[in-house]
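Residue numbers (the numbering used here): 2 to 367.
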């Protein structure tokens, strides 16, 4: 970096702020793929509420706390993660990046967190496991009968996945009008079938899977305290609070609005994952302050993948880590164990939200 004069340009880094991934991804991807990445169901109200709910949380910082040496690490199933973040499953990752599911898994391994590989993401969870020797998670959409489900889970166990995630909010495919209006289908949707099996999937199936699977079971798509309590009663290890990024049920609550009731219902009996609208390091800190143990990165991961593949995903994680550490120091926190909801308050004094409102400089041409 050249510091000869004030205002000199920083050289040698293609990405210095997170919005640059979105900017480049939009340039690289087709209109159809970009709209799929940023789109949601019907009026996209749930998606907008995800962002609104995060933006309406304001910080209450403490000072004079000696934050020279902070600890950002977290434990997940006995594995130490560099930050309390996972790369959430994206079923059509192959539409954004060469290498498909291998790209984010490689980036996560190199950075020191976990990727949750989607069952509809190419080249398939077995090939991903062969390519990247690092702890990872497997997410399964239910597209076959119980024998099909059990076979997939047992193969994931054989390939040493660290946990099994079952997505439970896809009993019908959300009407994503950005895609429908262009008659567009992602690669994972072009051959999609078997939704009737997801419709039939029930708590009895969770009990059956628990009877033979010793790996931690994660239920993704929990949006009420009632279902969170049932998940605990049926023995799952992780409740994953998610509304599918607003892609499924329209007019749902913003994700972090739901999170406190689930945290209060579970009372620390199992781990809680959260995703929904996460675009900044401050978003990660807010979710953890409300009780999440781990935070999933979805669209932001897609932006980075579309911008520059595995290397860009790695760089995105570096910048996210910088934002998290900056936020923690300015809050007066040395570790996530010190973080709770007393560092937050509600405030609604901000403007209108849109798809990319997390990155206001984009509208100014940066």
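For every residue, glycine included, the Cβ atom is placed at its ideal position computed from N, Cα and C.
Between 253, 223, 72, 58, which has its C-alpha nearest residue 337's C-alpha? On the chain shown, position 336 is the one that residue 337 refers to. Among 253, 223, 72, 58, the Cα nearest to that of residue 337 is on 72.
Measure the C-alpha to C-alpha separation of residue 89 and residue 118 and round it to an integer number of angstroms. Taking the first residue of the chain shown as 1, we reach residue 89 at position 88. Taking the first residue of the chain shown as 1, we reach residue 118 at position 117. Taking the straight line from one Cα to the other gives about 8 Å.
Just curious, the alpha helix (DSSP H) that residue 311 is in, first and last residue? Numbered from 1 along the chain shown, position 310 holds the residue referred to as residue 311. Unbroken alpha helix (DSSP H) run through residue 311: 300-332.
Measuring straight from C-alpha to C-alpha, what distance separates residue 102 and residue 257? Working through the chain shown from its first residue, we reach residue 102 at position 101. Working through the chain shown from its first residue, we reach residue 257 at position 256. If you draw a straight line from the Cα of residue 102 to the Cα of residue 257, it is about 28 Å long.
Report all residues from its chain with a CB closer than 8 Å to the CB of residue 132; omit the five preceding and five following residues, and keep chain order. The sequence position of residue 132 within the chain shown is 131, counting from 1. Sequence-distant Cβ neighbours of residue 132 in its own chain, meaning closer than 8 Å and more than five residues away, are 103, 106, 107.
DSSP three-state assignment for residue 140, whether helix, strand or coil: The residue you call residue 140 lines up with position 139 of the chain shown. In the structure shown, residue 140 sits in a strand (DSSP, three-state: E or B).
Kindly indicate the opening and closing residues of the alpha helix (DSSP H) around residue 38. The residue given as residue 38 occupies position 37 in the chain shown. For residue 38, the enclosing alpha helix (DSSP H) has its first and last residue at 32-39.
Cβ pair residue 220, residue 199 closer than 9 Å: Translated into positions along the chain shown, residue 220 becomes position 219. Translated into positions along the chain shown, residue 199 becomes position 198. Against a cut-off of 9 Å, the Cβ pair of residue 199 and residue 220 comes out as no contact.
In chain order, which continuous runs of the alpha helix (DSSP H) of length 4 or greater are located wholly inside the region 189-270? Inside the region 189-270, DSSP marks whole alpha helix (DSSP H) runs of 4 or more residues at positions 196-201, 204-213, 226-234, 256-267, from first to last along the chain.
According to the Cβ coordinates, are residue 229 and residue 267 closer than 9 Å? The count along the chain shown starts at 1 and reaches residue 229 at position 228. The count along the chain shown starts at 1 and reaches residue 267 at position 266. Yes.
Assuming residue 155 is part of the alpha helix (DSSP H), what are its boundary residues? Taking the chain shown and counting its residues from 1, the one referred to as residue 155 is at position 154. Per DSSP, the unbroken alpha helix (DSSP H) holding residue 155 starts and ends at 147-159.
C-alpha gap between residue 235 and residue 52, whole angstroms: Counted from its first residue, the chain shown places residue 235 at position 234. Counted from its first residue, the chain shown places residue 52 at position 51. Between residue 235 and residue 52, the C-alpha separation is close to 31 Å.
How many whole angstroms separate the CB atoms of residue 296 and residue 85, which I take to be in contact at a CB cut-off of 8 Å? Here residue 296 refers to the residue found at position 295 when the chain shown is read from its first residue. Here residue 85 refers to the residue found at position 84 when the chain shown is read from its first residue. That pair is a contact at about 6 Å.
Let me know the secondary structure DSSP gives residue 100 once reduced to three states. Position 99 of the chain shown, counted from the start, is the residue given in the question as residue 100. Under the three-state reduction of DSSP, residue 100 is assigned to coil, being neither helix nor strand.
Give the DSSP-derived three-state secondary structure of residue 115 in the structure shown. In the chain shown, residue 115 corresponds to position 114, counting from 1. Strand at residue 115.
Out of 33, 69, 47, which one is the CA nearest neighbour of residue 327? Counting from one through the chain shown, the residue named residue 327 turns up at place 326. Comparing Cα positions, the closest option is 69.
List the residues that DSSP assigns as beta-bridge partners of residue 164. Walking along the chain shown from the start, residue 164 turns up at place 163. Looking at the DSSP assignment, residue 164 forms a beta bridge with 138.
Meets three-Cβ-pair contact criterion under 8 Å: the region 43-51 and the region 127-145: Segments in contact, no.
If we count Cβ pairs, one from each stretch, closer than 8 Å, do we get three or more for the region 211-225 versus the region 17-26? With the cut-off at 8 Å, the region 211-225 and the region 17-26 do not touch.
Residue 180 versus residue 253 - alpha carbon distance: One-based indexing of the chain shown puts residue 180 at position 179. One-based indexing of the chain shown puts residue 253 at position 252. Their Cα atoms are separated by approximately 20 Å.
Inter-residue Cα distance where the pair is residue 94 and residue 304: Counting from 1 along the chain shown, the entry for residue 94 is found at position 93. Counting from 1 along the chain shown, the entry for residue 304 is found at position 303. Roughly 11 Å between the two C-alpha positions.
Do you know how far the Cα of residue 115 is from the Cα of residue 80? As a working note, residue 80 is residue 79 in the chain shown. As a working note, residue 115 is residue 114 in the chain shown. Rounded to the nearest whole angstrom, the C-alpha separation of residue 80 and residue 115 is 9 Å.
Is the number of C-beta pairs between the region 314-327 and the region 280-288 that are closer than 8 Å three or more? At 8 Å Cβ cutoff, the stretches touch.
Within 9 Å, strictly: CB atoms of residue 333 and residue 65: The residue labelled residue 333 in the question sits at position 332 within the chain shown. The residue labelled residue 65 in the question sits at position 64 within the chain shown. Yes, Cβ-Cβ distance for residue 333 and residue 65 is below 9 Å.
Let's see if you can read the secondary structure: which residues bound the alpha helix (DSSP H) around residue 289? As a working mapping, residue 289 is identified with position 288 in the chain shown. Element bounds for residue 289: 282-290.
Would you decide whether residue 50 is buried or exposed? Buried here means 16 or more other CB atoms lie within 10 Å of its CB. On the chain shown, residue 50 is found 49 positions in, with the first residue counted as 1. With 16 or more Cβ atoms within 10 Å of its Cβ, residue 50 is classed as buried.
Have a look at 15, 291, 31 and flag the residue whose alpha-carbon is nearest the alpha-carbon of residue 262. Along the chain shown, read from residue 1 onward, the residue named residue 262 stands at position 261. Ranking the options by Cα distance to residue 262, first place goes to 291.
When you compare each of 310, 110, 264, 237 to residue 165 by their alpha carbons, which one comes out closest? Taking the chain shown and counting its residues from 1, one reaches residue 165 at position 164. Of 310, 110, 264, 237, the residue nearest in Cα terms is 237.
Every unbroken beta strand (DSSP E) inside the region 28-90 [3 residues or more]: For secondary structure counted as the beta strand (DSSP E) over 3 or more consecutive residues, the region 28-90 holds these complete runs in sequence order: 58-60, 75-77, 80-82, 86-88.
Indicate the three-state DSSP secondary structure (helix, strand or coil) for residue 336 in the structure shown. Mapped onto the chain shown, residue 336 falls at position 335. Three-state result, residue 336: strand.
May I ask you to report which of helix, strand or coil DSSP gives residue 345? Position 344 of the chain shown, counted from the start, is the residue given in the question as residue 345. In the three-state DSSP reduction, residue 345 falls in the strand class (E or B).
Could you check the C-alpha separation between residue 111 and residue 75 for me, to the nearest Å? Counting from 1 along the chain shown, the entry for residue 111 is found at position 110. Counting from 1 along the chain shown, the entry for residue 75 is found at position 74. So the two alpha carbons sit approximately 16 Å from each other.
Below 9 Å between beta carbons: does that hold for residue 316 and residue 251? Numbered from 1 along the chain shown, position 315 holds the residue referred to as residue 316. Numbered from 1 along the chain shown, position 250 holds the residue referred to as residue 251. Not closer than 9 Å, so no.
Can you pull the DSSP bridge partners for residue 296? Here residue 296 refers to the residue found at position 295 when the chain shown is read from its first residue. DSSP, once it has assigned bridges, lists 86, 275 as partnering residue 296.
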